[in-house]
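Report on the structure given below.
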Amino acid sequence: MSSIPHDLVAGGHPHGHDDHAHHPTGIMRWITTTNHKDIGTLYLWFSLTMFFVGGVMALTIRAELFQPGLQIVHPEFFNSMTTLHGLIMIFGALMPGAVGFANWLIPMQIGAPDMAFARMNNWSFWLLPPAAIMLLLSLFVPGGAASGGWTMYPPLTVQSGMGMDLTIFAVHIMGASSIMGSINIITTILNLRAPGMTLMKLPLFCWTWLITAYLLIAVMPVLAGAVTMLLTDRHFGTSFFNAAGGGDPVLFQHVFWFFGHPEVYIIILPAFGIISEIIPVFSRKPLFGYASMVYAVAAIAILSFLVWAHHMFTTGLPAASILFYMYATMLIAVPTGVKVFNWLATMWKGSISLEAPMLFALGFLFLFTTGGFTGLILAIQPIDIQFQDTYYVVAHFHYVMVAGTLFAFFGGVYYWLPKWTGHMYDEKIADWHFWGSFIFFNVAFFPMHFLGLAGMPRRVPDYAQQFTDWNQVSTIGAFGFGLSQLLLLWAVLKCIRGGAPAPAKPWEGAMTLEWTLPSPPPYHSFETPPVVK
Amino acid sequence: MGKRMGLGVRRCLGFAVLLSLFASGTAFAAWEWNFQAPATPIAAEIINLHSLIFWICVVIFVGVFGTMFWSLYYHRKSSGHQAVQFHENTTVEIIWTVIPFLILLFMAYPATKTILAAHDTTSPDLTIKITGYQWKWGYDYLQDGFGYYSNLGTPLAQIEGRDKKNDNYLLEVDNPLVVPVDAKVRLLITADDVIHAWWVPAFAVKQDAIPGFVRDTWFRATKVGTYRGQCAELCGKEHGFMPIVVEVKSKEDYAKWAGEQKQKATAAADDPNKVWDVKELVAHGQQVFNANCAACHQPNGTGNAAIGAPALVGDKVVMGPRKAQIDVVLNGQNNGKMPAWRQLSDVDIASVISYTRNSWGNQAPENVVQPAEVKGERK
Chain A
1 MSSIPHDLVA GGHPHGHDDH AHHPTGIMRW ITTTNHKDIG TLYLWFSLTM
51 FFVGGVMALT IRAELFQPGL QIVHPEFFNS MTTLHGLIMI FGALMPGAVG
101 FANWLIPMQI GAPDMAFARM NNWSFWLLPP AAIMLLLSLF VPGGAASGGW
151 TMYPPLTVQS GMGMDLTIFA VHIMGASSIM GSINIITTIL NLRAPGMTLM
201 KLPLFCWTWL ITAYLLIAVM PVLAGAVTML LTDRHFGTSF FNAAGGGDPV
251 LFQHVFWFFG HPEVYIIILP AFGIISEIIP VFSRKPLFGY ASMVYAVAAI
301 AILSFLVWAH HMFTTGLPAA SILFYMYATM LIAVPTGVKV FNWLATMWKG
351 SISLEAPMLF ALGFLFLFTT GGFTGLILAI QPIDIQFQDT YYVVAHFHYV
401 MVAGTLFAFF GGVYYWLPKW TGHMYDEKIA DWHFWGSFIF FNVAFFPMHF
451 LGLAGMPRRV PDYAQQFTDW NQVSTIGAFG FGLSQLLLLW AVLKCIRGGA
501 PAPAKPWEGA MTLEWTLPSP PPYHSFETPP VVK
Chain B
534 MGKRMGLGVR RCLGFAVLLS LFASGTAFAA WEWNFQAPAT PIAAEIINLH
584 SLIFWICVVI FVGVFGTMFW SLYYHRKSSG HQAVQFHENT TVEIIWTVIP
634 FLILLFMAYP ATKTILAAHD TTSPDLTIKI TGYQWKWGYD YLQDGFGYYS
684 NLGTPLAQIE GRDKKNDNYL LEVDNPLVVP VDAKVRLLIT ADDVIHAWWV
734 PAFAVKQDAI PGFVRDTWFR ATKVGTYRGQ CAELCGKEHG FMPIVVEVKS
784 KEDYAKWAGE QKQKATAAAD DPNKVWDVKE LVAHGQQVFN ANCAACHQPN
834 GTGNAAIGAP ALVGDKVVMG PRKAQIDVVL NGQNNGKMPA WRQLSDVDIA
884 SVISYTRNSW GNQAPENVVQ PAEVKGERK
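Line order of the protein sequences matches chains A and B. So the first sequence is residues 1 to 533, counted in the working numbering. So the second sequence is residues 534 to 912, counted in the working numbering.
Below you can see the structure in the form of C-alpha cells.
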C-alpha cells in the first residue's frame, strides 16, 4: 500500500482513509465516488433502469404480436425494438447487474476494505450511462435505431443508417467498461483476500466472478474487433464481410459468436454463484461438493470457447465441423448437470425454509434446468435445423437468461437487501413478486416452444393465423410478468426507506464474511482484515 | 424441454382444441404446438430423433425434480427436520459425471447418422438455384433454362386489417416452386443482397442464403401436395413477408408444367428493341408494381411517409424526364431505402415506370418508357 498514500500526503490528508464516511454529499457523492458499495449501488440502479427500459420494448413487441396483421408499429420499428431489447437487456441490465453484485459483495466476502482499483471502478461505471444514452438516442436519428438484430449480422447492418454507428460506439464503450471491471475484480480477488482465505476457501460467488472476469477479458476485445470491422466496412470501403471485395459475410458470424457464446456464460456464471450462496443458507447445510462446483464452472468456461459454431448450424458448415461443434456443445451438459446435482444434494436432508431468496433459487433451478434441456435438444444439429431462428430458440434463451440469471439476481437482491440497507424487506411483497414472476414467466415463454415447433420464425412483426392462439397467451403472460416487476421496485424502495432493523446476520445458515459486518456495513468494509481459519 | 406433454394430456388438450375449433368455426388449425407433418424421409427421421431425446430429457427432469420436491417436502425446517451436515462424496460425484456422459453418447449416435445422411447431396434428379432478394425468392431451373420470382401473394389490405385474412395469410405466393414427387432435388442457395434463409419445415430444409456464396442442400418429397415455409434469417423490414410455397406434383404433372414454363420462357425472350404499345406497358406495369413496389409506395401510389417512401402521385421524378426515373429504379437511392431493382427485366422496368407515369391521375409529359431505353441505361 506504500505507493497509494503518495498523493494523499501531497494533498495534506495523510489520514484520508481512516475517516469513515468522508465523502462529498448529494450528486457529487455519486459522481466522484470510489467506494465499492456506492458503485455497486449505482450499477444495480442502472441495471434496474435498463431492465425497465428493455422491458417496455419487449412489451411493445408482444403487443404487436398479440394478433396477426400490423397494428401498432411498422416492421422497421419492430426490428429496432427486437434489436434494442436484446442489446439493452444483455449489456444494460444483466451484465451491469452482475457487476453491481460483484462490487457490493466481493470485498466484503474476501475481507477487503474496497476494490483494488477504486478510481478505475468509478470510471467503469460512469462509462455506462453515456453508452446507454447513445443507444437510446439512436431511436431518434434519421433512419432509426439499429434494426439488424442484437447479433448485428452484415450485410444487413452495412445497409442501415447512422443508428447502427451509434450502436457500434455504444458496444465499444460498454466493452471497455466490462474489461476494466474485470481487471478490477481479478486483481481484487487475487490480491486482497484476508489472511487464511486460500483460493479454495473463496465463497462460490467470488469463484464464479473470477472465472467470468477472465472470460470477459478474453472475449470483449473480440467483439470490439468484430464491430470495428463492421464500422470500416460501412464507412471506409473495406470488405471484411463483402464477398464482392474478397470478404465473407459468415466471417462476422464466426467472430461474433466466438464472443457471443462465452458471453452466455458470462451472464449465467455469476448467477450460478448467487444460487450457490443462497441454497446452502436456506438449507442450513454447507454447499455439497464445493471443489467439484469450482471445477465445473472452470470446465464450462473452457468449453464455452469451443462451441460457437452451434449458433451457425444452418450456414452450411461441412459435416465434420458440425459433428465437432455438436459433440462439444453436448459435453457442456456434463458440468452443468454436476452443478444441478450438487445443488440438489445440498438441499437433501437439509432444514429447508422458503424465504424469497430461496423461492427464487428454486425457481431458478427448475426453469434454468428446463432451459438447459432445450439447449441440449438444440445442440443436436438435425433438430436445430428445424429450430434455428424460430420461437423455440427465443423460448430457450429466455429460460436461461430470464428464469436463469434474472431470477438469481432477484434472489440475490432479497438475500442481501438486509445487509445493504440495514432493514428487512417485506416478505409478503417479495413472495408475491416471486409467484407473479414465476407464473407469468411460464405463461409468456412456455408457449413459445410450441410456436417454434409449429414453425413460427423469430424477428417477424406479423405471422400466419395458426400461430395466433399461443401468441395471445404469450402476450398476456408478458404483460403479467412486466407488471409483476413493479412489485420488485416496491419491495426495494420500501426496504430502503425503512422496515424492521436487520441484524448483522439475519439468515441463521449464513457463513460468508459479509455477515460478520453490521447491517448496513461500514463505508470501508474491512479496515483490518479478518483472519479466516 | 417440455414442449410436449404426456399422451393423455395431449388427447385432452386435442379435445379442447377441437371444441374451440367448432366454437369459432374457423377453417385453419388453431393451437398448433408440434412439428408439421413430415414430407421427406429426413424430416421424419428428425421428428423421431427429437422424440427420443425429448423423452430422455423428460425422464431425467422428472427424476431430478421429483427428488427436489421430495426434499422440499420431507426436509422442511417447519416440519422440524434437522440438517445433516454432510458435504462431500467422491463416489457420488463420479457417478453423476459418468452417467450423463454415457447418456450423451447414446444421443449422439443417431444424431450423427442423420447428419451424415442429410449431407449427401450427390446424384440429384433435378437442380434448382434459389436466390434470396429483399424481399422475394428467385427460382432458376438450371437444366431447363427457365426461372421466375416468387412474391408474397397476400394483399396489403389483409396485412393492415382492412380485409379479412385468407387461410394461408402470409404463407401464399404468386409463383410457387414446383418440384416432382419422389425425386432428389438439389438446391443451390445464394442471395443477392443480405443473408436470407430458405426454410420449409415439412422438408426439414433450412439453409442460409449468403450473398456471394453458394451453399447446397437437398430434399426428396414423398407426398404430392403444397408445402409452406418462410424466410428464417432477419433480412430487413419485410423479413416476415417473404414466404416460400413448394408444390410437389406427380411426375407427369411436373413434366407438363415444366414444358409450359419452357415455352413461356422462349416467348418472353423478346426482342429488346421491339417497340411496345402504352396500353401493354401499363397493364404489365401494374402487375410489376403490385408485386414489387406497392409494399412501400402503396397500391394507389400515395406512399408511406413513416418509412420514408414518397408518394408517387405528382412526384417530381415520376412527372419529370424519363432518364432520371430509370436511374432511380435501376440503382436505388437514399442508401438503399429505395432498393436497386436491377434484377428486374428491361421489359418489367420499362412497364412499371410507364405505369407510374400514366396512373392515379399522373399524366407525365414523357409518358412512355421503352425496354430499349432501360437497356441503354444499365451500366
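C-beta atoms are modelled at their ideal positions from N, C-alpha and C, and glycine is treated no differently. None of these values were measured; they are calculated from a predicted model.
- From the beta-carbon of F594/B, the residues of chain A found nearer than 9 angstroms are T369, T370, F373.
- Per DSSP, the continuous beta strand (DSSP E) segment holding C764/B begins and ends at 758-764.
- Proximity of the stretch 231-243 of chain A to the stretch 153-162 of chain A meets the contact definition, three or more beta-carbon pairs being nearer than 8 angstroms.
- In the structure shown, the three-state DSSP call for E813/B is helix.
- DSSP, read as helix, strand or coil, puts K349/A in coil.
- Residues P68, G69, L70 of the same chain have their beta carbon placed closer than 7 angstroms to that of D462/A, with the five preceding and five following residues left out of the count.
- The contact set of R459/A on chain B, defined by CB atoms closer than 7 angstroms, consists of L767, H772 in chain order.
- By the neighbour-count definition (other C-beta atoms within 10 Å, threshold 16), K849/B is an exposed residue.
- A contact between stretches requires three or more CB pairs, one per stretch, nearer than 8 angstroms, and the stretch 249-256 of chain A meets this requirement with the stretch 302-320 of chain A.
- A distance of 8 angstroms or more separates the beta carbons of W809/B and P872/B.
- Under the DSSP assignment, I380/A falls outside any beta strand (DSSP E); it carries neither an H nor an E label.
- A straight line joining the alpha-carbon of F397/A with that of G371/A spans about 7 angstroms.
- In the three-state DSSP reduction, E780/B falls in the strand class (E or B).
- The beta carbon of I72/A lies closer than 6 angstroms to those of A63, E64 in the same chain, with the five residues before and after it left out.
- The beta carbon of Y681/B is closer than 7 angstroms to those of Y672, N708 in its chain, skipping five residues each way along the sequence.
- Under the Cβ distance rule, Y702/B counts among the residues neighbouring chain A, one pair being separated by less than 8 angstroms.
- Among the bridge pairs identified by DSSP, Y666/B is matched with K669/B.
- Closer than 8 angstroms to the CB of L605/B there is at least one CB belonging to chain A.
- Taken through DSSP and simplified to helix, strand or coil, A730/B comes out as strand.
- A residue is called buried when at least 16 other Cβ atoms come within 10 angstroms of its Cβ; I110/A meets this threshold and is buried.
- A distance below 8 angstroms between beta-carbons, with the five flanking residues on each side excluded, links D431/A to the following residues of its chain, in chain order: A356, L359.
- Using a Cβ-Cβ cut-off of 9 angstroms, N79/A is close to L767, G769, K770, H772 of chain B, given in chain order.
- Here S604/B really is in contact with M347/A; their C-beta atoms are around 5 angstroms apart, less than 8 angstroms.
- Following the DSSP letters along the chain, one finds P713/B inside the beta strand (DSSP E) bounded by residues 710-713.
- Residue pairing of M152/A in beta bridges, as defined by DSSP: absent, with no partner found.
- Against chain B, a Cβ distance below 8 angstroms from V281/A picks out nothing, because the smallest value is about 11 angstroms.
- Close CB contacts of A116/A within its chain, under the 8 angstroms cut and outside five residues either way in sequence, are with N184, T187, T188, N191, L192 (chain order).
- Note on geometry: alpha-carbon atoms of A857/B and F324/A lie some 54 angstroms from one another.
- In its chain, beyond the 5 residues on either side, V99, S124 have a beta carbon closer than 6 angstroms to the beta carbon of G181/A.
- Three or more Cβ pairs closer than 8 angstroms define a contact, and the stretch 499-507 of chain A falls short of that threshold against the stretch 434-453 of chain A.
- When the five nearest sequence neighbours on each side are left out, the beta carbons in the same chain lying within less than 7 angstroms of the beta carbon of A131/A are those of A170, I173, M174, in order along the chain.
- For S283/A, the enclosing alpha helix (DSSP H) has its first and last residue at 249-283.
- Three or more Cβ pairs closer than 8 angstroms define a contact, and the stretch 689-698 of chain B falls short of that threshold against the stretch 713-721 of chain B.
- In the DSSP assignment, R719/B falls within the beta strand (DSSP E) that extends over 718-724.
- Look at the stretch 196-253 of chain A and you find these whole runs of alpha helix (DSSP H), each 4 residues long or longer: 204-235.
- Contact between the stretch 89-98 of chain A and the stretch 47-58 of chain A is present: 3 or more CB-CB pairs across the two stretches fall below 8 angstroms.
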